[in-house]
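Number of protein chains: 2
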Amino acid sequence: MVRIENIQKPIYLNHSSLKYPLPKEFLEELSKELKNMNQYPSGSPYNELSDALAQYTGVFPQQILPTNGSDEAIEAVTRSFGNQFILIPTPTFSQYELSADRNDFSRKLVPCLNHHGDYQLNYTEKDLKEASLVWICNPNNPTGNSIPREKIEETLIHASGIVAVDECNYEYLGDTMVDLIHQYPNLVVIRSFSKNFGLAGFRLGFAVSSAQNIEKISRFCQCFNVNKMAEIAGIKVLKYLNYYKRVWQAIEKIRNNFIQGLLQLEVKAFPSKANFILVDFITEENTKRVWNDLKKNNVHTFAAWDGEFSGLENHYIRFTVGNKEEMDYVLKLLRIDKENH
Amino acid sequence: MVRIENIQKPIYLNHSSLKYPLPKEFLEELSKELKNMNQYPSGSPYNELSDALAQYTGVFPQQILPTNGSDEAIEAVTRSFGNQFILIPTPTFSQYELSADRNDFSRKLVPCLNHHGDYQLNYTEKDLKEASLVWICNPNNPTGNSIPREKIEETLIHASGIVAVDECNYEYLGDTMVDLIHQYPNLVVIRSFSKNFGLAGFRLGFAVSSAQNIEKISRFCQCFNVNKMAEIAGIKVLKYLNYYKRVWQAIEKIRNNFIQGLLQLEVKAFPSKANFILVDFITEENTKRVWNDLKKNNVHTFAAWDGEFSGLENHYIRFTVGNKEEMDYVLKLLRIDKENH
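Sequence order for the protein chains is A and B.
Going by numbering that gives the first Met the number 0, the letters in the first sequence line up with residues 0 to 340, in that order.
Going by numbering that gives the first Met the number 0, the letters in the second sequence line up with residues 0 to 340, in that order.
The following block contains the structure:
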């Protein structure tokens, strides 16, 4: 692949943030709040925000813990429950492993990507009995696949400890475990506003679980962990659900078209229920060439070696779904690559 | 004290946030950035922000760690160095104790408020030899007094572990230990943008220490711990130093006038180098009456029982310095109280 043209603007398909603009009216509302930033946030338990998130997810406010991005929720859940033994399904989002290691907790990475390319939770019943914390990312990052609801329930039943389900891409998947927190006292669900509502810059995530678990997890968060802009944005953004629903539909369409385009190029893409797509470039050499050539053409992606993912082999690249023009441009670059190799 | 008039607006003298408006031009700059909040912050090591903070404090960027408010810096310093034994001088800001307890680290509260009302670091050489982490708050919260530079240097020399100096009110004090980080590898300084620059809502603090210490502390922070608005605000706000210097001078004047007014009422106020004043109402009964009556008149203050401070007896109230009208109103209420009791 060569540099085919001058792209003025770099295309960032690495971080899986939202590539669509925030609603104009929403930005105007936020702008009016800036003058109040000399005041502290309302602070734990962030009543108004927790109320809004409770309403959005269909639980009680005391079952909600707002956090400084979902990363902080992952850290606090790890500190609350991970002290014995943590199970992490790989390849997956690296933060579960990073949090375990930061706390010197023992953890086991369980390979879940089977040879035929599908991702299955390969936890043994013995593992589930021993672990104090079990991670599930649904849809999984970076593979993008969804974990069947029955499989998660099976895990909840067999696990002796906490099962934490990271649903930070929930809005693209449309399926959640949140309704099961009443049934399973060992269930913690983690959500985010970064990827779906486009609030990555503000850092807003939250945990959902029993009031008892939430109280335990919240002890590992500062009183003012969520900044005031994130607090306000989280409350106000939910008014614009109709806008976002259209955006999510548009992304789904672009994503599926991109996957179709890859199939036509005989490039192996994973089915995805998220706003990113994992692509298998078969060999490390091939993958490095493609990744570098994309970069030369100002397209930035995450490769396995970027450290964003645990247990991902070096022949994968993850593409966040950008807009149609961006994804068409990527397909064009990959087509040239195919013709030249 | 009775309710003397209808105050439309509550007066918040509890949290020690800045009561002055943020610069208009600064707010306009920030407003233009809101549309980019769908992107992640630049993330650790926050190069541009660290450069700006390094320039402001006169150190190298790798000696800076931006944090989600100084609270996060306190937690990360505790996790990095507090695992053996922590020394905390009381009364002081409660977060040092809260962080120690959250991590199940052993800690010793050392009473430092002597009978004649002055605050002295009463650490013994034995304590300093045994502790892996020693806290100093300068100026101290809630007493407001400054700790002499020589006393802090003496502590640094005798301490076997880390000495963390919380300078989150530095801009009111005008004296810092930051220049000593090259001389004392066991020194960590913590700063904040909440109280002085009025960015409490954004949550921006930072730690200053040797590059080696900073690397160790940063392992306990998430990659995106500082949100993008805080990141941008921290860089941009330093352009408005002249405005803030005038504000800090105004606050100093109002503070000193308020202390004078208290003395005239024969109410015992501590000398203060911060934007708050600790007042001794002698008995718990007296203090509760005053605090409640202030509240009835819509003046909100921190009393010892609010849990904001470690080791503060129940006959103290801390007043943040508000504007002149607010402080005159408080003096008026206290005068009525004096006349009635």
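Here a beta-carbon is modelled for each residue, glycine too, at the ideal position from N, C-alpha and C.
If only complete runs of 3 or more residues are kept, the segment 305–329 of chain B shows the beta strand (DSSP E) at 315–319, in order along the chain. With respect to the 9 Å criterion, A:K244 and A:F25 are not classified as neighbours on the basis of their beta carbons. For B:F25, no beta strand (DSSP E) segment is defined; the enclosing uninterrupted segment is the alpha helix (DSSP H) at 23–32.
Of the other Cβ atoms in all chains shown, fewer than 16 fall within 10 Å of the Cβ of B:K337; this residue is therefore exposed. Residue-level contact check: B:F219 touches chain A, since one or more beta carbons of chain A fall below 9 Å from its beta carbon.
In summary, no residue of the segment 203–216 of chain B has a CB separated from any CB of chain A by less than 7 Å. One thing to note: B:M176 has its Cβ no nearer than 9 Å to the Cβ of A:F201. DSSP, read as helix, strand or coil, puts A:S159 in coil. Unbroken beta strand (DSSP E) runs of no fewer than 3 residues, entirely contained in the segment 118–169 of chain A, are found at 132–136, 161–165, following chain order. DSSP places A:D70 in the helix class (H, G or I) of the three-state scheme. Contact between B:D117 and B:N144 holds, with the beta-carbon distance rounding to 7 Å and staying under 8 Å. Contact check for A:T89 against A:S271 fails: the beta carbons are separated by 9 Å or more. No Cβ-Cβ contact shorter than 9 Å links B:S69 with B:S209. Of all residues in the segment 128–149 of chain B, none comes within less than 9 Å of chain A when Cβ atoms are compared. Scanning A:F223, A:W134, A:V246, A:L112 for the CA closest to the CA of A:L97 turns up A:W134.
B:V109: member of the beta strand (DSSP E) spanning 106–110, first to last residue. For B:K294, the secondary structure class from DSSP, reduced to helix, strand or coil, is helix. Close to chain B, meaning a Cβ-Cβ distance shorter than 8 Å, are the following residues of the segment 31–49 of chain A: L33, K34, N35, M36, N37, Q38, Y39, P40.
DSSP, reduced to helix, strand and coil, places B:T175 outside both helices and strands of the structure shown, so it counts as coil.
Chain-order list of chain A residues neighbouring B:E74: Q221, by C-beta distance under 8 Å.
Following the DSSP letters along the chain, one finds A:A206 inside the beta strand (DSSP E) bounded by residues 204–207. A:D279 is bridged by DSSP to A:K267, A:Y315.
Under the 10 Å beta carbon count, A:Q94 is surrounded by 16 or more other beta carbons and is classified as buried.
For B:S191, the enclosing beta strand (DSSP E) covers residues 186–191. Below the 9 Å Cβ cutoff, chain A contributes no neighbours of B:M326, its closest Cβ being approximately 17 Å away. For B:Q94, the nearest beta carbon of chain A is closer than 9 Å to its own beta carbon. B:A199 sits away from B:A158, with the two beta carbons spaced by 9 Å or more. Excluding its 5 nearest sequence neighbours in each direction, A:I189 has C-beta neighbours in its own chain below 6 Å: S69, A72, D165, A206, listed in chain order. Within chain B, the residues Q221 have their CB atoms less than 7 Å from the CB of A:E71, given in chain order. Residues of chain A with a Cβ closer than 8 Å to the Cβ of B:S16 are, in chain order, N37, Q38, Y39.
B:Q211 and B:D279 have their alpha carbons spaced roughly 43 Å apart.
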